[in-house]
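Worksheet for the structure shown next.
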Amino acid sequence: MLRTQISFSCLVVLACCGFICSTLAPPKISPYAKTEGRLLNDLFHKYQKWVRPVETLNGTVRVKFGLAISQLVDVDEKNQLMTTNVWMKQEWVDAKLRWDPKHYLGITYIRVPSDSIWIPDIVLYDNADGQFEATATKAVVKHDGTISWTPPANYKSACTIDVTFFPFDLQNCSMKFGSWTYDGSQVDIVLEDYHVDKRDYFDNGEWEIVTATGSRGLRMDTTGSYPFITYSFIIRRLPLFYTLFLIIPCIGLSVLTVLVFYLPSNCGEKISLCTSVLVSLTVFLLVIEEIIPSSSKVIPLIGEYLVFTMIFVTLSIIITVFAINIHHRSSSTHHDMAPWVRRVFLHSLPKLLCMRSHVDRYATTGGSHRAGGTAALNCGKGLKQDSSLLLNSAAHNLQAALDSIRYITLHVVKENEVREVVQDWKFVAQVLDRVFLWVFLSVSVLGSALLFIPVIYKWAKIIVPSYGDSSRAGKTESEGGQKHRLLGHYTHHRKSLRTAAESEHTLKTNRLQHQDSV
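Read left to right, the sequence shown gives residues 1 to 518 (full-length UniProt numbering).
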């Protein structure tokens with residue numbers, strides 16, 4: 001029994017020791033991993049990443065360059081900057097990184113850090129924040145020496161903003177890429193694709209990309225030619241936000257300016273309303289000044305409309321002051337009304353404006369007063385004659401009563417004449433308000449239509465191409481001509497630049513082939 005227990009204890013101890021040893025033993029490496037490690041050692045044993053990967057001294061590294069945009073982050077109109085998240089697609093051949101897949105278990109490609117191999121020093125020339133290079137990521141190396149490197153980058157590029165038609169504007173922002181130190185004989189950059197890849201593009205809430213195309217160019221210098229790739233982004237602003245919170249309130253203020261003339265002429269709040277509208281327009285101008293760049297070359301569309309409305313309001317204040325002054329005129333403070341004023345404002349204009357004539361309204365009343373006064377005078381004369389014949393004793397008292405009646409009658413007639421003069425001036429003020437009501441309404445509607453309708457029509461005609469998937473790439477390219485014709489001078493410039501670049505590239509290729517044959 002004791003011997004059995006001892007044997008069992010020994011077996012338990014041996015099992016525990018075996019488990020511990022198996023746990024602490026190093027893991028087995030797969031043959032594939034060993035082979036890949038051996039491949040890396042063979043490739044980078046004597047590899048020098050500072051040397052261009054060419055077989056001859058005069059060889060040229062041909063780099064295919066493409067661009068894929070993932071997000072249009074922001075367009076800063078004030079500082080004239082465009083912020084984008086892009087992927088820089090680069091492909092070239094490194095003759096020193098080739099191997100036979102048969103000797104390495106059929107491995108056809110590997111991934112290596114980009115800082116351990118030679119990479120072209122392609123940077124963004126028109127960078128605005130000093131960050132010229134992309135993020136260091138891994139590159140894919142194929143067995144034939146082809147290297148594909150697609151690093152992501154966040155760029156702030158300079159962009160000249162044209163705010164003429166703000167907020168219905170169209171901007172042309174470009175990104176210029178090229179080698180920082182190598183000329184065209186050492187590193188030749190060619191365009192991989194004419195269109196920017198937008199398959200992974202995330203829409204921006206304020207801007208939409210109409211077209212994004214690339215072209216190749218050459219910058220000639222005394223030391224040689226330097227190829228570069230320029231990508232032009234034609235972007236269009238989405239004006240809904242500015243329409244709701246800027247343009248519609250401005251139009252509302254213009255309507256308030258017109259309604260000032262609909263208030264009664266003796267209303268003192270007319271000046272207060274005009275002043276409030278003028279202050280509101282000034283605030284809107286300050287808001288726009290914070291958005292758009294300070295430039296004296298062009299005036300934005302919304303700025304023109306605000307200045308137009310401010311002039312509108314200023315004129316309405318002047319006219320309102322003049323109308324209130326006319327409303328409070330009388331015969332004791334001003335001279336008699338000129339005949340042409342009476343003819344125009346009391347007879348002609350009321351008929352054109354469908355207003356009830358002021359003169360016709362008071363003609364019957366004034367005539368009755370005058371007739372009554374004449375009848376009273378005639379009656380007084382008749383009573384005087386009768387009283388002299390019939391009542392000699394009461395002649396003196398009756399004459400005094402008649403004089404009093406005559407005085408009262410003349411006083412009433414004079415008051416009526418003064419009242420009619422005051423009413424005439426008030427009616428002239430009403431006619432002025434009605435005239436400028438229609439004038440300002442017509443000018444406001446026509447001015448707004450002439451300013452905004454052509455720009456909105458031109459903005460709405462621009463067709464934004466669809467980049468849903470790569471299967472529609474051929475259709476997108478076939479429709480490119482129709483879309484580019486809508487861009488005017490931008491299209492002509494890009495076509496000319498592209499033709500010149502292709503011609504220069506052909507000459508360059510022929511020259512290299514001739515050198516190789518020699």
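The beta-carbon is built from N, C-alpha and C at its ideal position, and this holds for glycine as well.
Could you give the distance in angstroms between the alpha-carbon of Gly-224 and the alpha-carbon of Ile-234? Taking the straight line from one Cα to the other gives about 31 Å.
Hey, is Ser-114 close to the ligand ADP, as in C-beta under 7 Å from one of its heavy atoms? Among the components of this structure there are no ligands whatsoever, and the ligand ADP is therefore not found.
Assuming Leu-105 contacts Tyr-32 (C-beta within less than 8 Å), just tell me the rounded distance between them. Taking the Cβ atoms as the reference, Leu-105 lies roughly 6 Å from Tyr-32, within the contact range of under 8 Å.
Rounded C-alpha distance that separates Val-422 from Asp-162: Their backbone Cα atoms lie some 57 Å apart in a straight line.
Is it right to say Leu-507 is buried, meaning 16 or more other beta carbons lie within 10 angstroms of its own, or is it exposed? Residue placement at Leu-507 cannot be trusted, given a pLDDT of 38 that sits under 50; what the coordinates show is reported in the next sentence. Here Leu-507 is exposed, its C-beta having fewer than 16 other C-beta atoms within 10 Å.
Going by DSSP in three states, Ala-158 sits in which element: helix, strand or coil? Three-state DSSP puts Ala-158 in a strand.
Tell me the rounded alpha-carbon separation between residue 524 and Thr-213. Since the first residue of the chain shown is 1 and the last is 518, residue 524 is not available in this structure.
Euclidean distance between Cα positions of Val-260 and Val-413: Distance between the alpha carbons of Val-260 and Val-413 is about 36 Å.
Would you call the stretch 434-441 in contact with the stretch 263-283, where contact means no fewer than 3 C-beta pairs closer than 8 Å? Contact between the stretch 434-441 and the stretch 263-283 is absent, because fewer than three Cβ pairs lie under 8 Å.
As a quick exercise: from Thr-314, Phe-65 and Asp-169, pick the residue whose alpha carbon is nearest that of Val-75. The candidate whose alpha carbon is nearest that of Val-75 is Asp-169.
State yes or no: is the C-beta of Gly-59 within less than 8 Å of the C-beta of Asp-94? No, Cβ-Cβ distance for Gly-59 and Asp-94 is not below 8 Å.
For Lys-138, which residues of its own chain have a beta-carbon under 6 Å away from its beta-carbon, when the five flanking residues on both sides are left out? The residues are Arg-111 and Pro-113.
Which same chain residues end up closer than 8 Å to Pro-53 when comparing Cβ atoms and leaving out the 5 residues on each side of it in sequence? Excluding residues within five positions, the ones whose Cβ falls inside 8 Å are Val-61, Trp-92, Val-93, Asp-94, Ala-95, Lys-96, Leu-97, Trp-118 and Gly-145.
Cβ of Ala-68 within 8 Å of Cβ of Val-51? Result no, Cβ atoms of Ala-68 and Val-51 do not sit closer than 8 Å.
Three or more C-beta pairs closer than 8 Å, one from the stretch 254-269 and one from the stretch 314-331: is that the case here? Touching, yes.
Looking at Ile-209 and Leu-72, is the spacing between their C-beta atoms short of 8 Å? Against a cut-off of 8 Å, the Cβ pair of Ile-209 and Leu-72 comes out as a contact.
Taking the beta carbon of Gln-430 as the centre, do at least 16 other beta carbons fall within 10 Å, making it buried, or is it exposed? Around the beta carbon of Gln-430, 16 or more other beta carbons lie within 10 angstroms, which makes this residue buried.
Quick check on the DSSP output: the alpha helix (DSSP H) that includes Ala-33 runs from which residue to which? Bounds of the alpha helix (DSSP H) holding Ala-33 are 31-44.
Determine the contact status of Leu-246 and Phe-284, defining contact as a CB-CB distance below 8 Å. Going by beta carbons, Leu-246 and Phe-284 fall inside the 8 Å limit.
Can you give the beta carbon distance from Leu-191 to Ile-229, rounded, assuming they're within the 8 Å contact cut? Ile-229 and Leu-191 do touch by the CB rule: their CB atoms are close to 6 Å apart, below 8 Å.
Cutting at 7 Å between CB atoms, please list the residues of its own chain near Ala-371, excluding the five before and the five after it. A caution first: Ala-371 carries a pLDDT of 41, below 50, which makes its placement in the model unreliable, though a value can still be read off. Around Ala-371: no qualifying Cβ.
As an exercise, report each continuous alpha helix (DSSP H) stretch of at least 4 residues that is fully enclosed by the stretch 390-461, in chain order. Secondary structure within the stretch 390-461: the alpha helix (DSSP H) runs of 4 or more consecutive residues, fully enclosed, are 395-461 (chain order).
Exposure label - Cys-354; buried when at least 16 CB within 10 Å: Label assigned to Cys-354: exposed.
Identify which residue in Arg-219, Asp-129 and Ser-348 has its Cα closest to the Cα of Val-428. Closest in alpha carbon position to Val-428, among Arg-219, Asp-129 and Ser-348, is Ser-348.
Classify Pro-113 as helix, strand or coil using the three-state DSSP reduction. Secondary structure of Pro-113 (DSSP, three-state): strand.
Endpoints, alpha helix (DSSP H) assigned at Glu-290: DSSP places Glu-290 inside the alpha helix (DSSP H), whose first and last residues are 269-291.
With DSSP collapsed to three states, give me the class of Val-341. Taken through DSSP and simplified to helix, strand or coil, Val-341 comes out as helix.
Residues that DSSP places opposite Gly-205 in a beta bridge: Partner(s): none; Gly-205 has no beta bridge.
Who are the Cβ neighbours of Pro-300 in its own chain at under 6 Å, not counting the five residues just before and after it? Its chain contains Val-163, Phe-166 and Ile-292 as the residues whose beta carbon lies nearer than 6 Å to that of Pro-300, once the 5 sequence neighbours on both sides are disregarded; these appear in chain order.
Figure out for me which residue from Pro-249, Thr-320 and Met-220 has the closest Cα to the Cα of Gly-268. For Gly-268, the nearest C-alpha among the options comes from Thr-320.
So what's Val-51 in DSSP terms, helix, strand or just coil? Coil.
Whole angstroms are fine: how far does the CA of Gly-178 sit from the CA of Pro-120? Approximately 9 Å between the Cα atoms of the pair.
Apart from the five residues just before and just after Thr-35, which ones in its own chain have a Cβ nearer than 8 Å to its Cβ? Counting only Cβ-Cβ distances below 8 Å, and skipping sequence neighbours, we find Tyr-104, Leu-105 and Ile-107.
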